[in-house]
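Asker:
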Amino acid sequence: MLTSAPRGTKDILPGQSRHWQTIEDTIRQICREYGYEEIRTPIFEHSEVFHRGVGETTDIVQKETYDFQDRGGRDLTLRPEGTAPTVRALLEHKLYAGPLPVKVYYIGPMFRFGRPQAGRLRQFHQFGIEVFGSASPRVDAEVIAMAMDFYQRLGLKKLQLLLNSIGCPKCRPGHRQALQEFLQPKATELCGDCQKRLDRNPMRVLDCKNERCQELSQGAPTTVGYLCDVCADHFASVKELLEAAGVEYTLDDRLVRGLDYYNKTAFEIVSTDIGAQSSIGGGGRYDNLVETLGGPSVPGIGFGLGLERVLLTMENQGLLESDSRELRNIFIAMAGEGTAPVAFGLAQTLRKKGLSVELDYLERSLKAQMKTADRFHAPYVVIVGQGEVERGVITVRTMGTGEQREIPLGEATEILSGLF
RNA sequence: GUGGCUGUGGCGAAGUGGUUAACGCACCGGAUUGUGGCUCCGGCACUCGUGGGUUCAAGUCCCAUCAGCCACCCCA
Numbered sequence: 018m019l020t021s022a023p024r025g026t027k028d029i030l031p032g033q034s035r036h037w038q039t040i041e042d043t044i045r046q047i048c049r050e051y052g053y054e055e056i057r058t059p060i061f062e063h064s065e066v067f068h069r070g071v072g073e074t075t076d077i078v079q080k081e082t083y084d085f086q087d088r089g090g091r092d093l094t095l096r097p098e099g100t101a102p103t104v105r106a107l108l109e110h111k112l113y114a115g116p117l118p119v120k121v122y123y124i125g126p127m128f129r130f131g132r133p134q135a136g137r138l139r140q141f142h143q144f145g146i147e148v149f150g151s152a153s154p155r156v157d158a159e160v161i162a163m164a165m166d167f168y169q170r171l172g173l174k175k176l177q178l179l180l181n182s183i184g185c186p187k188c189r190p191g192h193r194q195a196l197q198e199f200l201q202p203k204a205t206e207l208c209g210d211c212q213k214r215l216d217r218n219p220m221r222v223l224d225c226k227n228e229r230c231q232e233l234s235q236g237a238p239t240t241v242g243y244l245c246d247v248c249a250d251h252f253a254s255v256k257e258l259l260e261a262a263g264v265e266y267t268l269d270d271r272l273v274r275g276l277d278y279y280n281k282t283a284f285e286i287v288s289t290d291i292g293a294q295s296s297i298g299g300g301g302r303y304d305n306l307v308e309t310l311g312g313p314s315v316p317g318i319g320f321g322l323g324l325e326r327v328l329l330t331m332e333n334q335g336l337l338e339s340d341s342r343e344l345r346n347i348f349i350a351m352a353g354e355g356t357a358p359v360a361f362g363l364a365q366t367l368r369k370k371g372l373s374v375e376l377d378y379l380e381r382s383l384k385a386q387m388k389t390a391d392r393f394h395a396p397y398v399v400i401v402g403q404g405e406v407e408r409g410v411i412t413v414r415t416m417g418t419g420e421q422r423e424i425p426l427g428e429a430t431e432i433l434s435g436l437f
């Protein structure tokens, strides 16, 4: 299949790349305003980074990673998410030893092996941020508010912010036990996956999509019901701060994120406009991840937003302009012997003045060149004809009105750049 | 990994097993002399995803395979 991109990957063609650029511009802008600096990590890491970071029991690690060995026999993995690599970099460069908190963002491709469908690719892109070194609920609130601000700037509508707290290692055992006791009697009726989860990670039963499991877990003990004082206070503060910032949220006591490293605050943003994969972003606090990866005890929190899903939502909400062609300021048409050097030279000087200038590369008829100029929506066309060249002038045609006038070649640069 | 639907020119889309595979859009060229947008005329398919098979004959039937789409699992 030499002529098709690998399954689950997509070329971003010129008509689309414009939209990516506007999203990226928005990202850079918002990060500047919130005080986040970019970090760029490799797209592959030693496999252990993800196995230990994301969690061995996680679906992502168990069946979705792109693992390979390089020629030196190293076990490597294409990154399926951005947090673990960021933490690795934090440790490697001891960023935690500098001023805290450390606030970074990243944009880039992620890789997960799964069947492609609407809003799901094997190579997709995420915009994520991470904050290290503060356990304060202020950071939780800022991170969440920033995510919502980002969507808002792009014009996304009808989004829902789901919020939950899944507690910490102190309060989780209590909840875990209560949950297991609640589910145990019904164990045989749960789906296969959940029967395994019951033992390993019973929380996950709560957000199982299986209808029967949903019914069975009705009324089950929730994480918020078992929060320790510290976690409860923390959660209350996060909510209070969000309200103060005017960020609307929906409490969802079944929201349990799929990555093992989360604790306390967990959130997810969903859109109803992109098919079955409704989540367009999510994140949470991970106060133990840095330690898990062999570093000091440094609290962290962050989010990861799926850019394809953002784009999909924008598309389905009619937020993308359909006109895909870049505009040109000036098109230079030429016809006849000896006109090419004049046209070419003029194009260069105009470009150096900052104008977007197009000219004919196919040696086509003047008529064809005019058509091309029209397609570029060039407001002005410069016609360099043999007669003009001999007289030391060029013709400038205003496409909107069809008016033409001749100007001396020597003054062309000044006059033309003065039009913009 | 599982399931459903689909696969004809750059795109969209016809095509009851049997001559030269419609049409639309896009693209290219032309409609007297160097000029756009409208109109008109013309041009543009030696693998009908690929490989097998059935048949006198297959784009049209069967199988396999690949790919796309959608859904499940899970997630962004």
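Numbering of the first sequence is given in this note's numbering, commencing with residue 18 and proceeding in unit increments.
In this text, a Cβ means the ideal position worked out from N, Cα and C, and glycines have one as well.
Fair warning: this is a prediction, and the values are worked out from it, not measured in the lab.
Using the C-alpha atoms, what's the distance from D166 back to L179?
Answerer: Cα to Cα, L179 sits roughly 15 Å from D166.
Asker: Measuring only the C-alpha atoms, how far is Q33 from D216?
Answerer: Rounded to whole angstroms, Q33 to D216 spans 46 Å at the Cα level.
Asker: Can you tell which of C245, M163, V398, L324 has its C-alpha closest to the C-alpha of T39?
Answerer: Of the candidates C245, M163, V398, L324, the one whose C-alpha sits nearest the C-alpha of T39 is L324.
Asker: Is the segment 58-78 touching the segment 257-276 in the sense that three or more CB pairs, one from each, lie closer than 8 Å?
Answerer: Yes, the segment 257-276 touches the segment 58-78.
Asker: Which value, in whole angstroms, describes the spacing of the CA atoms of L322 and Q421?
Answerer: Their Cα atoms are separated by approximately 51 Å.
Asker: Going along the chain, which unbroken runs of the alpha helix (DSSP H) with 4 or more residues stay wholly within the segment 228-282?
Answerer: Runs found: 228-233, 246-261.
Asker: Between the Cα of T412 and the Cα atoms of L171, A350, T26, which residue gives the shortest distance?
Answerer: Closest option to T412, Cα to Cα, is A350.
Asker: Between the Cα of F252 and those of D290, C225, C185, Q365, spot the shortest distance and give me the residue it belongs to.
Answerer: Comparing Cα-Cα distances from F252 to each of D290, C225, C185, Q365, the minimum goes to C185.
Asker: Are G319 and G145 closer than 9 Å when you measure CB to CB?
Answerer: Yes; because the gap between Cβ atoms is below 9 Å, this pair is in contact.
Asker: Looking at the secondary structure, which residues open and close the beta strand (DSSP E) in which Q86 lies?
Answerer: 83-86 is the span of the beta strand (DSSP E), which, as asked, contains Q86.
Asker: Is the segment 188-206 close to the segment 227-236, with three or more CB pairs under 8 Å?
Answerer: Segments in contact, yes.
Asker: Spatial neighbours of A357 within its chain, please: C-beta separation below 7 Å, excluding the five flanking residues on both sides.
Answerer: Once the five neighbours on either side are set aside, the close Cβ partners of A357 are M351.
Asker: My guess is that M416 and D377 are in contact by the Cβ rule of under 8 Å, so how many angstroms apart are they, rounded?
Answerer: Wrong, their Cβ atoms sit about 16 Å apart, outside the cutoff.
Asker: What first and last residue would you give for the beta strand (DSSP E) that runs through M8?
Answerer: A query on residue 8 cannot be resolved here, the shown segment of the chain reaching from 18 to 437 and no further.
Asker: Can you name, in chain order, every residue of its own chain whose Cβ lies under 8 Å from the Cβ of L93, other than the five neighbours on each side?
Answerer: Cβ neighbours of L93 beyond the five flanking positions: F61, E62, H63, S64, D84, F85, Q86, D87.
Asker: Please report the straight-line C-alpha distance between I291 and V222, rounded to a whole angstrom.
Answerer: Whole-angstrom Cα-Cα distance: 25 Å.
Asker: So, with DSSP's three-state summary, where would you put H68?
Answerer: Note: H68 maps to helix in three-state DSSP.
Asker: Out of A114, V121, Y113, which has the shortest C-alpha to C-alpha gap to I56?
Answerer: The residue with the shortest Cα to Cα distance from I56 is V121.
Asker: As a quick exercise: from G131, T20, L173, pick the residue whose alpha carbon is nearest that of I77.
Answerer: Closest option to I77, Cα to Cα, is G131.
Asker: Can you tell me whether DSSP reads M331 as helix, strand or coil?
Answerer: Helix, per DSSP.
Asker: On the three-state DSSP scale, how would you describe G6?
Answerer: Residue numbering for the chain in the displayed model covers 18 to 437; residue 6 lies beyond these limits and cannot be assessed.
Asker: Taking the alpha helix (DSSP H) that K80 belongs to, which residues open and close that run?
Answerer: Note, K80: alpha helix (DSSP H), 76-80.
Asker: What does the alpha-carbon distance come out to for the pair R137 and G25?
Answerer: For R137 and G25, the distance between alpha carbons rounds to 8 Å.
Asker: Counting pairs of beta carbons, one from the segment 149-159 and one from the segment 105-120, are three or more of them closer than 8 Å?
Answerer: Result yes; three or more Cβ-Cβ pairs closer than 8 Å.
Asker: Starting from the C-beta of V66, find all residues in its chain whose C-beta is less than 6 Å away, skip the five residues before and the five after it, and write them out in chain order.
Answerer: Excluding sequence neighbours, V66 sits near A101, R105.
Asker: If S288 and L171 are in contact, beta carbons under 8 Å, what's the gap, nearest whole angstrom?
Answerer: S288 to L171, Cβ: 12 Å. No contact.
Asker: Identify every run of the beta strand (DSSP E) within the segment 349-432, keeping only runs that are complete inside it and at least 3 residues long; order them along the chain.
Answerer: Within the segment 349-432, the complete beta strand (DSSP E) runs of at least 3 residues are 374-376, 397-402, 410-415, 421-425.
Asker: So the candidates are V410, T75, E405; which of them puts its Cα closest to the Cα of K213?
Answerer: For the residues V410, T75, E405, the minimum Cα distance to K213 belongs to T75.
Asker: Would DSSP call I44 helix, strand or coil?
Answerer: I44: helix per DSSP, three-state reduction.
Asker: Which whole-angstrom value describes the C-beta separation of V399 and L363, a residue pair presumed to lie in contact below a C-beta threshold of 8 Å?
Answerer: With 8 Å as the limit, V399 and L363 qualify as a contact, their Cβ atoms being about 7 Å apart.
Asker: Between Y423 and A395, how many whole angstroms is the CB-CB distance? I'm expecting something under 8 Å.
Answerer: Here residue 423 is Glu; the residue named in the question, Tyr, does not match the sequence. About 18 Å separates the two Cβ atoms, so there is no contact after all.
Asker: Do A114 and L259 have their CB atoms nearer than 9 Å?
Answerer: In this structure, L259 does not lie closer than 9 Å to A114 by Cβ.
Asker: Roughly how many angstroms lie between the CA atoms of I44 and G409, to the nearest whole one?
Answerer: Roughly 49 Å separates the two Cα atoms.
Asker: Checking 9 Å against the spacing of the C-beta atoms, do S182 and T282 come in under that value?
Answerer: A contact, by the Cβ cut-off of 9 Å.
Asker: Can you check whether the CB of A293 is closer than 9 Å to the CB of A162?
Answerer: No.
Asker: Going residue by residue through the segment 104-175, where are the continuous alpha helix (DSSP H) segments of at least 4 residues, counting only ones entirely within it?
Answerer: Complete alpha helix (DSSP H) runs here, min 4: 154-170.
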